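Asks: Last residue of the sequence shown? That's 352 in the numbering used here, and every number before it is there in order. Cβ atoms here follow ideal geometry from the backbone N, Cα and C, with glycine treated the same way. Remember, predicted model here, so these are calculated numbers, not experimental data. Here's a structure for you.
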Amino acid sequence: MLFPSVNRQKTWLLLLLVVLVSSNLYFHFSFEGSVEERGRWIDRSIARVLTPIQTLFNFMGEWSTMSASKISRMMEAEQENVRLKEELTTLQLNLQNYKELESENSRLRNLLSLKAASKAELRAAKVVGRDVNIFFRTLEIDLGEEDGIERGMAVVCAQGAVGRILRVSASTSTVLLISDLNSRIDGVVQRSRSQVIVGGSPQGDLKLQLLARRSDVQSGDSIVTAGTGGLFPPGYAIGVIVGVAEDPNFVLDDASLEPTVDFGTLEEVFIVTKYSQDKKNASTN
């Protein structure tokens with residue numbers, strides 16, 4: 068039952084009345100003093116009983132208020148933490164983008180410096196693909212026949228000679244790297260001015276081919292393009308000699324080069340569409 072019955076209510080009221088009457092009779096006969104003093108004593112007694120209860124309720128109220136405040140602060144701190152993490156992630160992404168833009172700007176400045184210093188007419192292109200295996204070492208660039216690119220044109224970059232145009236389609240071209248087994252390029256030793264032929268290898272290294280024993284070459288020599296043959300302009304870096312093998316049983320020596328260009332990281336190149344030697348030949352003819 069949700070509410071006590073009428074008889075039970077009468078019982079509690081009767082019990083309360085008996086307690087009050089008994090307490091009044093006890094105080095009346097046992098307490099010595101005036102009625103005012105008796106009232107004050109009763110008030111103090113009731114206060115002694117109710118004060119701990121009131122203190123408990125006050126403590127519970129304050130604790131509830133403090134707990135709600137702590138929970139609110141914890142929720143705000145959690146939201147702030149999530150916001151700061153999002154801002155940190157955004158800053159990290161922006162920093163990565165900034166570093167990539169800075170790197171790209173540096174590469175473009177080098178390419179512009181190369182174009183400004185070169186006597187050849189250069190056309191900038193982006194590397195859009197690469198094929199490096201034991202048979203072919205090539206790059207795909209984003210310029211083709213529609214852009215005036217022709218088969219056999221030389222390709223260079225800020226670090227040196229890259230290769231030559233092998234195939235041309237409407238909008239793209241294939242560049243055969245100088246490190247390819249089928250590649251040959253005329254070079255000159257900067258120190259001694261000895262003429263050499265540089266070719267690729269199955270491993271992607273550069274070799275001095277048909278190197279006569281009387282040739283003045285040694286480890287550490289820098290090899291650059293000779294400018295003969297009408298393909299590469301003169302002076303573009305090819306590589307540095309890292310070893311010369313002399314065999315008395317052979318007429319020719321063998322030398323290995325470390326390429327100046329890192330072909331695996333190329334992103335932008337220049338196609339040599341024309342250079343000064345072409346103009347001189349044309350005027351001579």
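1. Rank 243, 302, 240, 285 by C-alpha distance to the C-alpha of residue 323 and give the top, closest one.
2. In whole angstroms, what is the alpha-carbon distance linking residue 146 and residue 119?
3. Between the C-alpha atoms of residue 148 and residue 157, what's the straight-line distance to the nearest angstrom?
4. Between which two residues does the beta strand (DSSP E) holding residue 217 run?
5. I believe residue 300 touches residue 339 by the beta-carbon criterion, under 8 Å. Please report the beta-carbon distance rounded to the nearest angstrom.
6. Smallest Cα separation from residue 245: which of 123, 198, 153, 272?
7. Within 10 Å of its beta-carbon, does residue 374 have 16 or more other beta-carbons around it, so buried, or fewer, so exposed?
8. Would DSSP call residue 139 helix, strand or coil?
9. Going by Cα to Cα distance, which pick from 249, 223, 219 is closest to residue 233?
10. Is it buried or exposed for residue 241, if we count other Cβ within 10 angstroms and need 16 for buried?
11. Buried or exposed: where does residue 346 fall if 16 or more other Cβ atoms within 10 Å of its Cβ makes it buried?
12. Suppose the cutoff is 6 Å on Cβ atoms and the five residues either side in sequence are ignored; what does the same chain contact list for residue 307 look like?
13. Does DSSP put residue 306 in a helix, in a strand, or in coil?
14. Please classify residue 82: does DSSP put it in a helix, a strand, or coil?
15. List the whole-angstrom C-beta distance separating residue 303 from residue 227, where the pair is believed to meet the contact cut-off of C-beta under 8 Å.
16. When you compare only the Cα positions, how much space is there between residue 211 and residue 203?
17. By a C-beta neighbour count over all protein chains shown, 10 Å radius and 16 as the cutoff for buried, is residue 69 buried or exposed?
18. Going by other Cβ atoms of all chains shown within 10 Å of its Cβ, with 16 needed for buried, is residue 259 buried or exposed?
19. Could you give the residue range of the beta strand (DSSP E) that holds residue 252?
20. For residue 320, write down the residues that DSSP places opposite it in a beta bridge.
21. DSSP has residue 208 in a bridge; who is on the other side?
Replies: Short version:
1. It is 285.
2. Cα-Cα distance, rounded: 40 Å.
3. Roughly 14 Å between the two C-alpha positions.
4. Looking at the DSSP string, residue 217 is not in any beta strand (DSSP E), and its letter there is neither H nor E.
5. Contact flag correct, Cβ pair sits at about 6 Å.
6. Measuring from the Cα of residue 245, the nearest candidate turns out to be 272.
7. Limits of the chain in this structure are 68 at one end and 352 at the other, which puts residue 374 out of reach.
8. In this structure, residue 139 counts as helix in the three-state DSSP scheme.
9. It is 219.
10. The residue is buried, with at least 16 neighbouring Cβ atoms inside 10 Å.
11. Residue placement at residue 346 is flagged as unreliable, the pLDDT there being 39, under the threshold of 50; the coordinate-derived value follows with that caveat. Exposed: under 16 other Cβ atoms inside 10 Å.
12. Within the same chain, residue 307 has close Cβ partners 289, 325.
13. In the structure shown, residue 306 sits in a strand (DSSP, three-state: E or B).
14. Residue 82 falls in the helix class under three-state DSSP.
15. The C-beta distance from residue 303 to residue 227 rounds to 5 Å, short enough to fall under 8 Å.
16. Looking at the two C-alpha atoms, the distance is approximately 20 Å.
17. Confidence at residue 69 is low in this model, with a pLDDT of 46, below 50, so its placement is unreliable and the value that follows should be read with caution. Classification of residue 69: exposed, given that the 10 Å Cβ count is below 16.
18. Burial check for residue 259: the Cβ neighbour count within 10 Å stays below 16, so the residue is exposed.
19. That run of the beta strand (DSSP E) goes 251 to 256.
20. According to DSSP, residue 320 bridges with 278.
21. DSSP, once it has assigned bridges, lists 194, 240 as partnering residue 208.
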